[in-house]
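2 protein chains.
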Amino acid sequence: MTNQVHSVDDVAARAEAAARPFADLEPRTRAQALVDLADAIDASAAELIVTAMRETGLGEARLQGEVRRTSNQLRLFAEVVVEGAYLDARIDEADPQYVIGPRPDVRRVLQPLGPVLNFAASNFPFAFSVAGGDTAAALAAGCPVIVKASPGHPELSVQTADIVVGSLTASGMPDGVFQLVSGQELGTALLRDARIRAASFTGSTRVGRMLAEIAATRDIPIPFFGELGSVNPAYATRGAVEREPQLISGFLTSVAGSAGQLCTKPGFLFVPAEAELGDLAGRLGLPDEHRLLNPVIGGAFADRRAQVLDASGVTVHLEGSVREGERGQWFATPTVVEVTTEVLARTEMLLDECFGPLSILVRYRDTAELAPLHRRLFPGNLTSTLHATDAELDSGEWTALITELAATSGRVLFSGWPTGVSVTSAMQHGGPFPATTTDATSVGTAAIGRFLRAVAYQDAPAAVLPMPLRDDNPWNIPQRRSAAGLSQDWGRLDGRY
Amino acid sequence: MTNQVHSVDDVAARAEAAARPFADLEPRTRAQALVDLADAIDASAAELIVTAMRETGLGEARLQGEVRRTSNQLRLFAEVVVEGAYLDARIDEADPQYVIGPRPDVRRVLQPLGPVLNFAASNFPFAFSVAGGDTAAALAAGCPVIVKASPGHPELSVQTADIVVGSLTASGMPDGVFQLVSGQELGTALLRDARIRAASFTGSTRVGRMLAEIAATRDIPIPFFGELGSVNPAYATRGAVEREPQLISGFLTSVAGSAGQLCTKPGFLFVPAEAELGDLAGRLGLPDEHRLLNPVIGGAFADRRAQVLDASGVTVHLEGSVREGERGQWFATPTVVEVTTEVLARTEMLLDECFGPLSILVRYRDTAELAPLHRRLFPGNLTSTLHATDAELDSGEWTALITELAATSGRVLFSGWPTGVSVTSAMQHGGPFPATTTDATSVGTAAIGRFLRAVAYQDAPAAVLPMPLRDDNPWNIPQRRSAAGLSQDWGRLDGRY
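Protein chains in written order, with the working numbering: chain A, 580 to 1076; chain B, 580 to 1076.
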């Protein structure tokens, strides 16, 4: 069975038809379907990985980890669905003495938005593709999903979609709850279709921005959650350079992993001007050549690398390599260059994301210059990182920088590296533009919130209330109750909390 | 003291300068400032209401209620700030056995977005204006606020802003945390300014849509929360018409209140074709003439009313009146017309919001036609309402319609009327476009979420963690912890919930 479909109208109509029956399922039924899908993916992992290796050039170990992440992500969302806190159920008891005027019985719960269109990424053929995080979050929310396949792994996309459709069907999910489409034209036409209620995207700033504007200016605008560009600056203090002999090798491993084709690759490492980093290649041992994802990405990386190497004030720390092989495929080893803060501040080209195994060491002299420099150069990132000793952190010397890191990034790491994003309830993978088009996360359980909308029921008889809002709480989910009478105490702030 | 300011750059710079010190305040300090402001507004209520009556034509009792709502809304948000659940603090313990791969310590909390620009409404000179819901929610979130005054009540806006600035200053809030500006040009220039991080708006679909597109297409797009148009359809069953002798008078009171100039005015009431409603004017007694908010709204209402009365298939149920008085002011009494479902379905003009005291009775024959008709005619509303008996609801005959009401509105009411929105933790005042530009609520405590963004801290030493994420929980707020080891049980769904 393939799940290739034909016209915008067919696809949108099938998704719309699936929306109500899918939304109406008991949470445990929907959760079981997610678990079944996780099992199906794991059962086919070996053959999926063979296709993925061939189509993407990514290594087997990395892809095995990615499949494990993808299937367990589905299981994690199944837990979220059954536990039910994500519904944010709120119950206000009727209150004739309410200080704003008599309060009716009001109950509010989050409900699925409707069909979601997900533009898959090229660099995570599992975790950000057909059955990846956006699909898992939308299905968990109770929304039908249409995935626009990445052109980077078309066979794997179909192979995965067949597993998804087969598994969801076997689990009794409604027809049309998942569909795969391909082609930019079909994708943008669907984005304009009134039956699509939200979209997600992982890819370039240019394409993401274009799609975001389509979503915002259609007759009925819809939420668009785009993950675009991020350069993930990292900073190392004097103390960290001294304390961590593995600092630079950890950095290089993070830059080199998956040939640097990760949205969280550290694009910059700020180190003290006088730090002795030694011979990087000698320390690390040069990693083997890694194929780049596709000819477009390979060619763009080669151009960009040449441009960086040619720029005034840039010195080479680890030259690395990039070359074009057969059938337009590109192969690379990591390149690390070095600049001063002055060169960086005056060379705008260096600030753009470089997708591939290249990173920039930045030599700084004065700790105090870093916070304002960061604020100016790095307004929006998925992550930022600080390596520092506890004594340095306690000194307060780094407080201003940490404040800026939190103001400009979705995730702030201490003495680690940003690649290898964990999928957890507290993960935030989204930050100020251009990291994402909104600050919403596309990784972790909070990602489900993107595909929900609130509905309040006022004075509804129990028989018509949705299950999460009933007093007998048949799904046994967390409910926040506001009892009558509390408003009499408002404004006293007298230690009741 | 007036708070009129001069240039886009001045205003944005002051707001930006206030952002960090304001965000850094202890919650109790910020909450106390909100309570102090509530007290200051209550203390000046009498003189504020005199100005409001003169500038808006709204009645004293209505405005007294609105001031009570406005000040208590500030007190409610103070409670929210101190209680701290709105921060959604999540703590994932480090977990070496995590099934996705070793998990670091990850902690996530919501933080203020930064300066918020709030376009005030004309029809609620207190509750949706200078010190209204958007201002309260943004200040509670820890964001500096710039209000673009409504041209409908300029003196009241300045008078209120003076109270706000004076009170916040006396409470020790940072300079620039609140500013008032006026003029459409200055408002849109600020909306384009990079230092403004979010905007809210209550007003017409035309203006709201234009502003939303500016927000979405600026160099760095920002979230825009617009409350635009809503016609709030209501339905009455045969049983409800029989049971509730006060059904029609309740409807007319809701239509007539504040001269129908409310975003939740019921614009349609569907009644059975054969229902005997009698002489509305005789039953209710015609209300006194009510001044309309301003000459523009008055003139537009008169035009629209004439257009409706002239439309083919429209019969007059209660003629009402509208006339132009001195100084361009308009005065009206309620008009109620009647159509069949067939006329309504073929007369698009009738579907647009009519801002003022006019509503449309729609005669239906077949209960089963209502759900598909609603879906087609009313895709996005703040509210929808059903009056039915419990026996009718139990019969299942109304289930399809209720499903559509929930799918197309933010709030579904049973046997009530949508005007008089309560400010509570479960309130939802926002719905599918054009009710709002996103589904976010602008009323109730959930409104604070519009002005927050998530930041995760990975492996952060306790000394640099924000207070809400510390293990010793100095603010005593709710924290959701994910213990290590739980992932071993994922996917079993075995009654652990």
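Backbone N, C-alpha and C fix where the C-beta goes; we use that ideal spot for every residue, glycine too.
Using the beta-carbon count (16 or more within 10 Å), is residue i buried or exposed?
i: V834/A; result: buried
i: I628/A; result: buried
i: M928/A; result: exposed
i: D684/B; result: buried
i: Q1067/A; result: exposed
i: S891/B; result: exposed
i: M789/A; result: exposed
i: E855/A; result: exposed
i: S586/A; result: exposed
i: R1032/A; result: buried
i: R955/A; result: exposed
i: N1055/B; result: exposed
i: G975/B; result: exposed
Which chain B residues sit within Cβ distance under 7 Å of residue i?
i: Q654/A; result: In the sequence on display, residue 654/A carries Arg and not Gln. Result: W1069, G1070.
i: L992/A; result: Q1037, D1038
i: E792/A; result: A795, T796
i: D867/A; result: Ordered by position in chain B, no residue passes the 7 Å Cβ test against D867/A, which lies about 22 Å from the chain.
In chain B, what lies closer than 8 Å to residue i by C-beta?
i: M1006/A; result: D671, V685, R687, A1035
Using a Cβ-Cβ distance under 8 Å, would residue i count as near chain A?
i: P812/B; result: no
i: R607/B; result: yes
i: G989/B; result: yes
i: Q690/B; result: yes
i: A648/B; result: Here residue 648/B is Arg; the residue named in the question, Ala, does not match the sequence. So yes, R648/B belongs to the interface.
i: N582/B; result: Only weak support exists for where N582/B lies, its pLDDT of 49 falling under 50; the coordinates are left without a value.
i: G636/B; result: no
i: L627/B; result: no
i: S1061/B; result: yes
i: A610/B; result: yes
i: A699/B; result: no
i: T630/B; result: no
i: G995/B; result: yes
i: V901/B; result: no
i: A717/B; result: no
Of all Cβ atoms in chain B, is any one closer than 8 Å to the Cβ of residue i?
i: N1110/A; result: Only positions 580 to 1076 of chain A appear in this structure, which leaves residue 1110/A out of reach.
i: P802/A; result: yes
i: V695/A; result: no
i: V1002/A; result: yes
i: P1053/A; result: no
i: V614/A; result: yes
i: R682/A; result: yes
i: E969/A; result: Residue identity differs from the one stated: residue 969/A is Asp in this sequence, not Glu. Yes, its Cβ sits closer than 8 Å to a Cβ of chain B.
i: I981/A; result: yes
i: A1042/A; result: yes
i: D713/A; result: no
i: G751/A; result: no
i: I620/A; result: no
Any idea which residues DSSP pairs residue i with across the strands?
i: P691/B; result: L1031/B
i: K727/A; result: F698/A, V760/A
i: E921/B; result: E921/B is not bridged to any residue.
i: R1060/B; result: I670/B
i: A813/A; result: L848/A, T964/A
i: R686/B; result: I670/B, Y1036/B
i: F804/B; result: S779/B
What residues from chain A crowd round residue i, counting only those whose CB sits closer than 7 Å?
i: D1018/B; result: R1032, A1033
i: E658/B; result: W1069
Who are the neighbours of residue i on chain B, taking C-beta pairs under 9 Å?
i: I799/A; result: P958, G959, P1011, F1012, P1013
Verify the CB distance criterion: does residue i have a CB-CB separation below 8 Å to chain C?
i: G644/B; result: Although the question refers to chain C, the structure presented lacks it and instead comprises the protein chains A and B.
Interface residues of chain A around residue i at Cβ under 9 Å?
i: A947/B; result: What A947/B touches in chain A: nothing, since even the nearest Cβ is about 17 Å away.
(Q) At 3 residues or longer, what runs of the beta strand (DSSP E) sit wholly inside the region 737 to 779 of chain A? (A) 757 to 760
Q: Within the region 603 to 681 of chain A, note down every full beta strand (DSSP E) run reaching 3 residues or more, in order along the chain.
A: 668 to 671
Q | Contained beta strand (DSSP E) runs [length at least 3] in the region 991 to 1046 of chain A, N- to C-terminal order | A | 1031 to 1037
Q: Kindly provide the ranges of any beta strand (DSSP E) runs that are 3 or more residues long and lie completely inside the region 824 to 912 of chain B, ordered along the chain.
A: 847 to 851, 894 to 897, 900 to 903, 909 to 912
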